[in-house]
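Peer 1: Below you'll find the structure I mean.
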Amino acid sequence: MKLHPMVISILDSRYEFIIEQGEKKLPKKFVFYICKYSSTKEIMVRTVAITDPSITVYGLSMNSSENFVNKTLIDMGFTYQEYSGRSPSYIKDRFDFTINDTVMHFYFYSGDN
18 MKLHPMVISI LDSRYEFIIE QGEKKLPKKF VFYICKYSST KEIMVRTVAI
68 TDPSITVYGL SMNSSENFVN KTLIDMGFTY QEYSGRSPSY IKDRFDFTIN
118 DTVMHFYFYS GDN
């Protein structure tokens, strides 16, 4: 993955990269952060990707049923958004949450994005 020079990618310290043929690869289970510099030069988390089913957010994990995910997030004030060919997203304010049985993604939007 090639990232913009103002973008920083960080693997959570609980996980280690796998080195194959001299290249770093993500482990099967991980928490990965993509950060960027804001216009004020602060580092801001922009995206979080989680593939470790032991991690829960809002009481949800990748093992949660679709109905439980939907009910939990709708009850929290998220809006359901369906996309063709993608897992549905739940949106609230400047936050976009996507969950399926292989990954949880969080996207944070600021006025800087």
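Numbering (the numbering used here), first residue to last: 18 to 130. Cβ atoms here follow ideal geometry from the backbone N, Cα and C, with glycine treated the same way.
Spell out the partners DSSP gives T96 in its beta bridges.
Peer 2: Within the sequence shown, residue 96 is the residue found at index 79, counting from 1. Paired residues: I108.
Peer 1: In this structure, how does DSSP classify V65 when only helix, strand and coil are distinguished?
Peer 2: Position 48 of the sequence shown holds residue 65. Strand, per DSSP.
Peer 1: Please report the straight-line C-alpha distance between I91 and I116, rounded to a whole angstrom.
Peer 2: Sequence index remark: in the sequence shown, residue 91 carries index 74 (1-based). Sequence index remark: in the sequence shown, residue 116 carries index 99 (1-based). Each residue's Cα considered, the two are about 14 Å apart.
Peer 1: Below 8 Å on the Cβ atoms is my contact criterion, and I expect T89 with Y75 to pass it. Report the Cβ-Cβ distance as a whole number of Å.
Peer 2: Locating residue 89 in the sequence shown gives position 72, where the first residue counts as 1. Locating residue 75 in the sequence shown gives position 58, where the first residue counts as 1. Yes, T89 and Y75 are in contact; Cβ-Cβ is about 6 Å, under 8 Å.
Peer 1: In angstroms, rounded to a whole number, what distance separates the CA positions of Q38 and G94?
Peer 2: One-based indexing of the sequence shown puts residue 38 at position 21. One-based indexing of the sequence shown puts residue 94 at position 77. Taking the straight line from one Cα to the other gives about 46 Å.
Peer 1: Hey, how far is the Cα of L20 from the Cα of I51?
Peer 2: To locate residue 20, count along the sequence shown from 1; it is residue 3. To locate residue 51, count along the sequence shown from 1; it is residue 34. The predicted model places L20 with a pLDDT of 49, which falls under 50 and marks its position as unreliable; any figure quoted below should be read in that light. In a straight line, the C-alpha of L20 is about 9 Å away from that of I51.
Peer 1: Can you name, in chain order, every residue of its own chain whose Cβ lies under 6 Å from the Cβ of Y124, other than the five neighbours on each side?
Peer 2: The residue you call residue 124 lines up with position 107 of the sequence shown. Cβ neighbours of Y124 beyond the five flanking positions: T64 and D113.
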